[in-house]
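**Student:** To convert, take the position in the sequence shown, counting from 1, and add 9; that gives my numbering.
Each residue gets a CB set at the ideal place from its N, CA and C atoms; glycine is no exception.
This structure is a prediction, so every number in the text was calculated from the model and none was measured.
This is the structure, below, for whatever I ask next.
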Amino acid sequence: MFSMLTFKMKPFCAYVEADLADKIHPHMPQQTMTLSRVETQNHFYGLTKPSSHDGMMRLFI
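Put into structure tokens, the structure is as follows:
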């Protein structure tokens, strides 16, 4: 998709992507694209393990 963009749009997309990575990515710990397979599995296992807190219920949307 990136290769089909015009020359003027390529830097714009690169700047937007860099800005998202710098400003928004630190606030989204659930992002898993840069994790290894084992790290991703451990992350999802941690999300689905039973909670030890009484009265706490997990809601998956």
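(1) By the DSSP assignment, the alpha helix (DSSP H) with Lys19 in it spans what residues?
(2) With DSSP collapsed to three states, give me the class of Ser45.
(3) What did DSSP end up calling Ser12 once you bin it into helix, strand or coil?
(4) Indicate the three-state DSSP secondary structure (helix, strand or coil) for Pro35 in the structure shown.
**Tutor:** On the basis of the coordinates in this document:
(1) 18-32
(2) When secondary structure is reduced to three states using DSSP, Ser45 falls in the coil class, being assigned neither helix nor strand.
(3) helix
(4) helix
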